[in-house]
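**Student:** In my numbering, the protein residues as written are 539 to 631.
1) Does the stretch 548-560 come close enough to the stretch 601-614 that 3 or more CB-CB pairs lie under 8 Å?
2) Pick out the complete beta strand (DSSP E) segments inside the stretch 602-629, 3 residues or longer, and give them in chain order.
3) Exposed or buried, which one is residue 629 when buried takes at least 16 other CB atoms within 10 Å?
4) What whole-angstrom Cβ distance do residue 603 and residue 569 have, given they're in contact under 8 Å?
5) Let's test the definition: count the other Cβ atoms within 10 Å of the Cβ of residue 576 and tell me whether it reaches 16, buried, or not, exposed.
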């Protein structure tokens, strides 16, 4: 990651933390690229999970548009994080 360039989105801080190895698991929220763009700009890994894979509760201000998802250095770390945060929640619609 180049500190002279933008990390590219509202979850850019999580992407930079992952790029600098400041922990293993970081969380972002994505309604229009806010996980995917910073991950791309910083050389880290992140994705927006599909609806129903990660609980939507509590709902964000963006409602069902925004999802939380992993931002990590490696795919293996993202798999570990998804094992923890994924699953059904009875409060989801």
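Cβ coordinates follow ideal geometry from the N, Cα and C atoms, glycine included.
**Tutor:** According to the structure shown:
1) Counting Cβ pairs under 8 Å, three or more are found: they touch.
2) 605-610, all fully within the stretch 602-629.
3) Translated into positions along the chain shown, residue 629 becomes position 91. Looking at its Cβ environment, which holds fewer than 16 other Cβ atoms inside 10 Å, residue 629 is exposed.
4) Position 65 of the chain shown holds residue 603. Position 31 of the chain shown holds residue 569. 4 Å between Cβ atoms; contact.
5) If you number the chain shown from 1, residue 576 lands on position 38. That one is buried.
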